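Residue numbers for the sequence shown follow the numbering used here, so the first one is 151 and each next one is one higher.
All residues carry an ideal CB built from backbone N, CA and C; glycine is no exception.
From a predicted model like this one, the values you see are computed outputs, not experimental measurements.
In what follows, a single structure is set out as structure tokens and then discussed.
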Amino acid sequence: MTVTTSGAKKTGVTVVTAGVYDVELNITAEMSGGDPDSHLIVFIGVNGTFAARGIFAGRTDYQQTAYTHRLLRLNAGDVVTASVFTDSGKKVNFGISAASMDGCRLSMVRISNNPFTDQT
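Now the structure itself:
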């Protein structure tokens, strides 16, 4: 896999070897202003199409974790991205830095060839 970037921000991952991947998105975010109770909706996207989703409560001035996990069949050249929205449809901006790396993580592990084959 290779990491895709926009300026200094990591924006996603490009798949180098086709296969079945264990893909996980874990976000820690905090609401600023607005409704005291809302939702964080996290998406894993593949080539611009949403492939996995998780919905979690979000509260003003309180860090909340949002998480989604999926097994995906990916081809070489596929681009996997992470997105976070609120229930009003507003996109949440977040980035991964040394200070917040434990709170925002998109991880992928290749677990098999595609199609799935018995390795015994």
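Around the beta-carbon of D228, 16 or more other beta-carbon atoms lie within 10 Å, marking it buried. Between V170 and M151, the C-beta gap is not smaller than 8 Å, which leaves the two residues out of contact.
When the beta-carbon positions are compared, A202 and F193 come within less than 8 Å of each other.
For Q214, the enclosing beta strand (DSSP E) begins and ends at Q214 to L224.
Here V259 is exposed: its Cβ has fewer than 16 other Cβ atoms, across all protein chains shown, within 10 Å.
Exclusion of the five residues before and after G162 leaves T154, V229, V230 and T231 as the residues of its chain whose Cβ lies within less than 6 Å of its Cβ. By the 16-neighbour rule on beta-carbons within 10 angstroms, L224 is buried. Counting only the Cα atoms, Y217 lies some 10 Å from C254.
With 16 or more other Cβ atoms inside 10 Å of its own Cβ, I177 counts as buried.
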